[in-house]
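Colleague:
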Amino acid sequence: MSAAGLAIRSRFLARPSEAAHRIAGQPLLLASCPVVIPAHRVSPFSTSAPSYCANHKPSGATQTNSTASSTTDKYAAGLRKNKDWAAQTAREHPELFPTLATGQQPQILWLGCSDSRCAETSMLGLLPGDVFVHRNIANILHPGDLSSGAVIEYAVKHLRVKHIVVCGHTSCGGVAAAMGNKQLGILDPWLLPLRQVRERNLAVLQKLSPVEAAEKLAELNVRESLNVVTQKDVVLSAIQERGLQVHGLIYEVGSGVLRELDTSDSDEAIKARLVAFKTDA
Ligand SMILES: [Zn+2]
Numbered sequence: 046m047s048a049a050g051l052a053i054r055s056r057f058l059a060r061p062s063e064a065a066h067r068i069a070g071q072p073l074l075l076a077s078c079p080v081v082i083p084a085h086r087v088s089p090f091s092t093s094a095p096s097y098c099a100n101h102k103p104s105g106a107t108q109t110n111s112t113a114s115s116t117t118d119k120y121a122a123g124l125r126k127n128k129d130w131a132a133q134t135a136r137e138h139p140e141l142f143p144t145l146a147t148g149q150q151p152q153i154l155w156l157g158c159s160d161s162r163c164a165e166t167s168m169l170g171l172l173p174g175d176v177f178v179h180r181n182i183a184n185i186l187h188p189g190d191l192s193s194g195a196v197i198e199y200a201v202k203h204l205r206v207k208h209i210v211v212c213g214h215t216s217c218g219g220v221a222a223a224m225g226n227k228q229l230g231i232l233d234p235w236l237l238p239l240r241q242v243r244e245r246n247l248a249v250l251q252k253l254s255p256v257e258a259a260e261k262l263a264e265l266n267v268r269e270s271l272n273v274v275t276q277k278d279v280v281l282s283a284i285q286e287r288g289l290q291v292h293g294l295i296y297e298v299g300s301g302v303l304r305e306l307d308t309s310d311s312d313e314a315i316k317a318r319l320v321a322f323k324t325d326a
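My numbering applies: residue 46 is where the sequence shown begins, and numbers increase by one.
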């Protein structure tokens with residue numbers, strides 16, 4: 046295979062300024078009459094109270110702090126906005142929902158952090174159906190993890206995505222935790238790969254300010270996850286056979302802009318990876 050086959054270059058992202066413009070240009074959703082959630086349909090596991098608009102409050106329903114909760118509770122607000130969003134999206138893209146109802150053909154597999162600020166489809170200015178997603182705390186890929194492994198295999202082998210993206214971000218809580226030395230229970234084994242990256246790069250990280258070190262570790266973590274991705278036979282085969290591209294990104298949560306990492310490999314590294322990880326049926 047050629048070096049270009051494993052070249053890690055993005056061809057689908059806008060330049061940062063364009064990305065910011067597109068995000069800024071997203072249409073605002075209009076709020077209308079809130080959805081009524083009958084009391085009997087509220088999940089026993091829900092931690093939020095149902096809310097009602099003034100016109101639909103059922104007789105006998107009691108609601109405390111109605112004005113405050115209807116304007117600040119994001120679950121209730123999201124349910125209210127969903128119908129407007131669906132209607133507006135259908136107006137702007139009449140074929141979208143009927144097409145999606147028949148199946149999906151995403152071009153991108155996104156491996157990112159669970160962080161609420163890192164909503165991949167929104168930050169890319171794309172639509173439902175465009176991005177197949179796996180997110181977890183600190184976008185860590187454990188080599189033996191069934192969840193991420195199944196997502197990667199399904200996306201590459203069956204959905205035949207054209208791009209795999211590993212995206213880290215600034216101000217990542219998982220990275221901050223791995224930079225500290227507090228016991229965190231179940232998070233400790235999860236963050237272990239991140240601590241191992243920290244260990245291997247300790248000299249570099251210790252020369253940086255805390256903020257710079259966290260950003261550096263986030264970047265190193267993306268590179269580590271890319272290593273795990275490109276050690277999978279299904280990914281190596283797709284790179285060789287149909288030009289699957291693999292990308293590393295950092296999302297700046299303070300600006301909304303994505304920064305692409307140069308993660309291209311040397312011919313020597315590519316050869317070694319193929320020798321070590323390519324397998325046959
Ligand atoms: Zn994060």
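In this text, a Cβ means the ideal position worked out from N, Cα and C, and glycines have one as well. Here the structure is a predicted model, which is why all the values come from computation and not from measurement.
Using a Cβ-Cβ cutoff of less than 6 Å, which residues in the same chain neighbour Cys212 once the five nearest sequence positions on both sides are dropped?
Modeller: Once the five neighbours on either side are set aside, the close Cβ partners of Cys212 are Gly157, Leu294 and Tyr296.
Colleague: Give a yes or no on whether the C-beta atoms belonging to Leu141 and Thr134 are separated by under 8 Å.
Modeller: Going by C-beta atoms, Leu141 is nearer than 8 Å to Thr134.
Colleague: List, from N- to C-terminal side, the beta strand (DSSP E) runs of 3 residues or more that fit wholly inside the region 228-315.
Modeller: Fully enclosed beta strand (DSSP E) runs of 3 or longer: 290-297 and 302-305.
Colleague: If we call anything under 8 Å between Cβ atoms a contact, is Leu271 one with Met168?
Modeller: No, the pair does not count as a contact, with Cβ atoms beyond the cut-off.
Colleague: Which whole-angstrom value is the C-beta distance of Leu186 and Val274, which I expect to be below 8 Å?
Modeller: Yes, they are in contact, since the Cβ atoms of Leu186 and Val274 sit about 6 Å apart, within 8 Å.
Colleague: Nearest-angstrom Cα distance between Arg205 and Gly174?
Modeller: Rounded to whole angstroms, Arg205 to Gly174 spans 14 Å at the Cα level.
Colleague: What I want to know is whether the C-beta of Ala293 ends up closer than 7 Å to one or more non-hydrogen atoms of ligand 1.
Modeller: Strictly speaking, residue 293 in this sequence is Gly, with Ala absent from that position. Not so, every heavy atom of ligand 1 lies at least 7 Å from the Cβ.
Colleague: What three-state label does DSSP hand Leu156 in the structure shown?
Modeller: Leu156 falls in the strand class under three-state DSSP.
Colleague: Considering only the beta carbon of each residue, do Thr215 and Glu257 sit closer than 8 Å?
Modeller: No, they are not a contact pair.
Colleague: Please state the DSSP three-state secondary structure of Arg180.
Modeller: Arg180 falls in the strand class under three-state DSSP.
Colleague: From the DSSP output, read off the bridge partner residues of His214.
Modeller: Answer is Tyr296, bridged to His214.
Colleague: What first and last residue would you give for the alpha helix (DSSP H) that runs through Glu165?
Modeller: Glu165 -> alpha helix (DSSP H) spans Glu165 to Leu169.
Colleague: For a test of your reading of the model: does the CB of Val158 fall under 7 Å from any non-hydrogen atom of ligand 1? Yes or no.
Modeller: A quick correction: the sequence has Cys, not Val, at residue 158. Result yes, Cβ under 7 Å from ligand 1.
Colleague: Regarding His208 and ligand 1, is the C-beta to nearest heavy atom distance less than 7 Å?
Modeller: It does not: the Cβ of His208 is nowhere closer than 7 Å to a heavy atom of ligand 1.
Colleague: Determine the DSSP secondary structure at Leu208, reduced to helix, strand or coil.
Modeller: Sequence inspection shows His at residue 208; the Leu mentioned does not correspond to that position. DSSP places His208 in strand when its eight states are reduced to three.
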